[in-house]
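In mature numbering (1 follows the signal peptide of the UniProt record, and there is no 0), the protein residues as written are -27 to -1, 1 to 314.
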């Protein structure tokens, strides 16, 4: 499971090394028919950036041309609101959820909303990202880091503690935990961290950080210098740097929270077999090679790592107790918003 159900700790990333609403779109590709697959249409709800999910669907349908994938893309908060509205109306319309928020999957599993399954690729991936109860599985490693504008910042913060120092007042940007699943997860991790917690959040709030909708606008604000430093998922900063933007990443020495972009199948699906094939593809060597090409850290150890990413054994990650995160998330996000939002 990700994170593991154990007390809050900071561990080396080597454990892992060992192995804006855009509406609905439809993607199909009939260039490589698979006569063994029955025709099916599956609906995917995801927080994945539109360009990236389009690439994923295109690659999948090259393998499984008989399967059509309809995509609804939104922030995690909007996705969960939509799912709740559909539940109230009588039926969840999605077959698959792919979103950066493990506690949401835990909650859905507890309510019997997810299908228990084991991917055909389960033995080939890092077991830390596999739900031991079999309701969801991580598909990539997405750490949250401190990013900074290299033209404006000579000595960036090297820890979360330093980010709360007064010298960074009015210079910080962060994503909204009501919109971003990763941001909500991070806020809850910080809230429960014995070395950070409420007192650190109060110090951070005193620096008057700017809150924007999601990680995309956060990274753009840093790259343009609107706010020269901030907390953001690492792949966005690395992508902007590769494109020539003056942005770089500092992996906090006091631990990096991460999400694993879980994927799960709703129990109400009429297309379980096709949905399983989609998740198998995400975890396959080809699917993980695509994840690496999209700047994500992979969940298997035979596909390399993204250009510009540090060696994984040099990164420390925060591994919280997931039950604690799930139970305290609403309280933590409310506390964060009351202070900072």
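All C-beta atoms, glycine included, are put in the ideal place defined by N, C-alpha and C.
(message) Could you give the first and the last residue of the continuous beta strand (DSSP E) run that contains residue 238?
(response) Element bounds for residue 238: 235 to 238.
(message) Given a cut-off of 8 Å on the beta-carbon distance, is the pair residue 271 and residue 113 in contact?
(response) yes
(message) By the three-class DSSP mapping on this structure, what secondary structure does residue 298 have?
(response) helix
(message) Taking its Cβ as the centre, do 16 or more other Cβ atoms sit within 10 Å of residue 249, making it buried, or is it exposed?
(response) With 16 or more other Cβ atoms within 10 Å, it is buried.
(request) For the beta strand (DSSP E) containing residue 89, list its first residue and its last residue. (result) Taken as a continuous stretch (DSSP letters only), residue 89 belongs to no beta strand (DSSP E), as it is neither H nor E.
(request) Can you grab the Cα-Cα spacing for the pair residue 61 / residue 154, in whole Å? (result) 22 Å
(request) Flag this pair as yes or no: are the beta carbons of residue 131 and residue 221 separated by less than 8 Å? (result) No, they are not a contact pair.
(request) Indicate whether the contact test is met: 3 or more Cβ pairs, each with one atom in the stretch 255 to 273 and one in the stretch 132 to 141, closer than 8 Å. (result) no
(request) Report yes if the C-beta distance between residue 297 and residue 165 is below 8 Å; otherwise report no. (result) yes
(request) Give the straight-line distance between the Cα atoms of residue 11 and residue 46, rounded to the nearest whole angstrom. (result) Approximately 26 Å between the Cα atoms of the pair.
(request) Kindly give me the distance between the Cβ atoms of residue 41 and residue 14, rounded to whole angstroms, as I take these residues to be in contact under 8 Å. (result) 4 Å
(message) On the DSSP letters alone, give me the boundaries of the beta strand (DSSP E) that residue 121 sits inside.
(response) 115 to 122
(message) Using only the alpha-carbon positions, how far apart do residue 48 and residue 20 sit?
(response) 5 Å
(message) Less than 6 Å between C-beta atoms, sequence neighbours within five positions excluded: which residues of the same chain meet that for residue 302?
(response) Cβ neighbours of residue 302 beyond the five flanking positions: 76 and 161.
(message) Between which residues of its own chain and residue 226 is the CB-CB distance below 8 Å, once the five residues before and five after are set aside?
(response) 131, 132 and 289
(message) Assess contact between the stretch 207 to 220 and the stretch 93 to 106, defined as three or more Cβ pairs (one per stretch) separated by less than 8 Å. Is contact present?
(response) The stretch 207 to 220 makes no contact with the stretch 93 to 106: fewer than 3 CB pairs, one atom from each, lie closer than 8 Å.
(message) Quick check on DSSP: helix, strand or coil for residue 81?
(response) helix
(message) Please classify residue 283 as buried or exposed, where buried requires at least 16 other C-beta atoms within 10 Å of its C-beta.
(response) exposed
(request) Drop a sphere of 10 angstroms on the beta-carbon of residue 83, count the other beta-carbons inside from all chains shown, and report buried for 16 or more, exposed for fewer. (result) exposed
(message) Using 8 Å as the threshold, is the C-beta distance between residue 148 and residue 156 below it?
(response) yes
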